[in-house]
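For the sequence shown, the numbering used here gives the first residue as 14, with consecutive numbering after it.
Here's the structure, in structure tokens; my notes come after.
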Amino acid sequence: MVSGLSVNVGSLIKKTPITVRLGTSIRDAIKIMYSNNIGSVVIVDEDFRPVGIFTERDTLRVIAKDIPLDSPIEEVMSRNLIVLNAKESIYKAISVMSTHNIRHTPIIGDDGKLIGVISIRDIIDKIKSMIAEEAASSEMRVFTG
């Protein structure tokens, strides 16, 4: 099962990333997150390179500090962005996300452009799938073996 953790994080990307541009209001970003049932939105520049992320945790901070929802997203987004290249391993993603205490990580290509976002939930689902496959394989060996 540990060898399965060497799988590339790019393989965990399920759909096209939902993004917003600089200047988007906090309100619009929250509405986008809500309507897409996602826990974060990546803020990208004109070249589709990630420049920030806005998460559910940021929403709580906005509310707690009474920041106006019409404020631009760049006033509250996390700028110290932790990104991973799509070729990085799941093991590396677990290490990075754990070290930085983050639940969502933008995934970039070699050109630095955003290609997706993974969450800790995506990693857990992949590990559960690998365990189930390994268990099924072990059962097959027992019955045929």
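All C-beta atoms in this analysis are idealised placements derived from N, C-alpha and C, irrespective of residue type, glycine included.
Predicted, not measured: the structure shown is a model, and the values here were computed from it.
Rounded Cβ spacing between ILE31 and ILE45 (contact assumed at less than 8 Å): 6 Å
Proximity below 8 Å, CB of PRO85 to CB of LEU127: no
Cβ-Cβ distance between ILE133 and GLY23 below 8 Å: no
Outcome for HIS113 when other beta-carbon atoms lying within 10 angstroms are tallied against a minimum of 16: exposed
CB of THR118 within 8 Å of CB of ILE95, strictly: yes
GLY122 versus SER48 - alpha carbon distance: 27 Å
C-beta atoms of ASN21 and LYS78 nearer than 8 Å: no
MET90 versus LYS141 - alpha carbon distance: 32 Å
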